[in-house]
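In full-length UniProt numbering, the protein residues as written are 1 to 378. Every residue, glycine too, gets a C-beta built ideally from N, C-alpha and C. Okay, structure first, notes after.
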């Protein structure tokens, strides 16, 4: 799983039908029992590595806390909704006052429903906003947050007539909706939208429509939902060949264009804009993790660190209501592995992101991530 995916097509038993969570009372003079739900035991390739990375990052965060004791207990979900619900119930029976995880949307939704019966909040590692709300808060980076950051920056740079180019799959369409919503909040205008089937021929077939939309609608930016593992390389090759000149029409990406690193060598991505976490803090976390565990963290492993950091910051105030919904959604937020973040009352999150471009096959930050939410443009 990548941080840019996990857009479920299932009709989940929506946690957003629940009232905003309260949460249990805690004794801050004693170690706070925290459950970590990880996808260990699943048949999906990579889940064992992900599970270990999440646990390692959580323990790193615990070691960094000053004056706060966390009793971390790890439970395996096998990536299964049923097992996640059972694990959540077991964890609460064992004394957990808050749950970190699970990763996958359906499992997180199931854990949230089980925990809601016991008035316990869940900080899931998913980025699927469909499961957010009630007692479920998602920590994963969302399309809405990224789209908002990039459309605001584009509008300030005068690139405010946007054509959205999206895949026809659920992730692509969710991305399109996020961009359209963000444009309405940012002073930008959506001048059109083009969708393509997820195949080489599907992308090729969409190019004339993209070219025509740019030429006829006064478009000065093309905002793409494509991933580096999907249509992005082909789109950014064919659009310039068709006359969509990146010198005059700004290319913008909803996903990370710097992962994997070989993407940086593609001619079509040079000069494009995309968002990424605070580069200094991200590098610090990766370096410390590498030094401690002898391997790089999983791309979303840092979310477990963020969850513990938030819990520690709240518990350090010494209040019994530190893990209630009102406390978790404090306006000034928290410092995490990728910079500032905060949880919203609707269960989604906001993260302070940098805007970057690619110049001479290297990532260059052109608008740094904010260091606080005051004046961060949220």
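Open item on the list: Here's the rule I'm using: 16 or more other beta-carbon atoms within 10 Å means buried, otherwise exposed. How should residue 355 be labelled?
Closed with: buried
Task: Residue closest to residue 346, alpha-carbon to alpha-carbon, out of 353, 360, 357, 325 - done: 325
- [ ] Find out if the Cβ-Cβ distance for the pair residue 351, residue 339 is shorter than 8 angstroms.
- [x] yes
TODO: Look up residue 332 in the DSSP assignment and say whether it is helix, strand or coil.
DONE: coil
Open item on the list: In this structure, how does DSSP classify residue 362 when only helix, strand and coil are distinguished?
Closed with: strand
Task: Residue burial classification, residue 45 (beta-carbon count within 10 angstroms, cutoff 16) - done: exposed
TODO: Please classify residue 104: does DSSP put it in a helix, a strand, or coil?
DONE: coil
Task: Rounded separation between residue 289 and residue 126 - CA only - done: 22 angstroms
Open item on the list: Restricting to runs no shorter than 4 residues, where is the alpha helix (DSSP H) found entirely within the region 85 to 148?
Closed with: 105 to 116
Open item on the list: Between which two residues does the alpha helix (DSSP H) holding residue 55 run?
Closed with: 47 to 64
TODO: Would you list the one or two residues that DSSP bridges to residue 195?
DONE: 166
TODO: Please report the Cβ distance between residue 213 and residue 163, rounded to the nearest whole angstrom; I am assuming they are in contact, meaning their Cβ atoms lie under 8 angstroms.
DONE: 5 angstroms
- [ ] With a cut-off of 8 angstroms on the beta carbons, I'd call residue 166 and residue 186 a contact; round off their distance for me.
- [x] Actually they are not in contact, since the Cβ atoms of residue 166 and residue 186 sit about 18 angstroms apart, beyond 8 angstroms.
Task: Extent of the continuous alpha helix (DSSP H) to which residue 379 belongs - done: Since the first residue shown for the chain is 1 and the last is 378, residue 379 is missing from the structure and cannot be characterised.
Task: Candidates 252, 240, 67, 146, of which the one nearest residue 157 by Cα - done: 252
TODO: Could you pull out every residue in the same chain whose Cβ sits closer than 6 angstroms to the Cβ of residue 180, ignoring the five residues on either side in sequence?
DONE: 190
TODO: Give the DSSP-derived three-state secondary structure of residue 151 in the structure shown.
DONE: helix
- [ ] Give every residue of the same chain whose Cβ lies closer than 7 angstroms to the Cβ of residue 366, excluding the five residues on either side of it in the sequence, and list them in chain order.
- [x] 355, 356, 357
- [ ] Return helix, strand or coil for residue 244, following the three-state DSSP convention.
- [x] coil
Task: Proximity test, residue 162 beta-carbon vs the ligand SAH heavy atom, cut-off 7 angstroms - done: With respect to small molecules bound, the structure shown includes none, and the ligand SAH cannot be examined in it.
Task: Cα-Cα separation, residue 2 to residue 234 - done: Annotation note: pLDDT 41 at residue 2 (below 50); position unreliable, coordinate value reported separately. Roughly 20 angstroms separates the two Cα atoms.
Open item on the list: Considering only DSSP beta bridges, list what residue 75 is partnered with.
Closed with: 37
Task: residue 328 beta carbon less than 8 angstroms from that of residue 121 - done: yes
Task: Where the alpha helix (DSSP H) containing residue 201 begins and where it ends - done: 200 to 216
Task: Cut-off 7 angstroms between Cβ atoms - residues of its own chain near residue 243, not counting five sequence neighbours on either side - done: 211
Open item on the list: Which same chain residues end up closer than 7 angstroms to residue 286 when comparing Cβ atoms and leaving out the 5 residues on each side of it in sequence?
Closed with: 296, 297
Open item on the list: Considering only their Cβ atoms, is the gap separating residue 87 from residue 37 smaller than 8 angstroms?
Closed with: yes
Open item on the list: Considering only the alpha carbon of each residue, which of 270, 271, 257, 269 lies closest to residue 277?
Closed with: 257
TODO: Quick one: residues in its chain with C-beta nearer than 6 angstroms to the C-beta of residue 29, no 5 flanking neighbours on either side, listed in chain order?
DONE: none
- [ ] Could you please give the first and the last residue of the uninterrupted beta strand (DSSP E) stretch that includes residue 313?
- [x] No beta strand (DSSP E) contains residue 313, which is instead part of the alpha helix (DSSP H) from 302 to 315.
TODO: Determine the direct distance from the alpha carbon of residue 68 to that of residue 206, and round the result to whole angstroms.
DONE: 55 angstroms
Open item on the list: What does the alpha-carbon distance come out to for the pair residue 220 and residue 336?
Closed with: 35 angstroms
Task: Pair within 8 angstroms by beta-carbon distance, residue 124 and residue 95 - done: no
Task: Cβ separation of residue 33 and residue 64, assumed to be a contact under 8 angstroms, to the nearest whole Å - done: With a Cβ gap of about 19 angstroms, residue 33 and residue 64 do not count as contacting.
- [ ] Go ahead and pull the three-state DSSP assignment for residue 177.
- [x] helix
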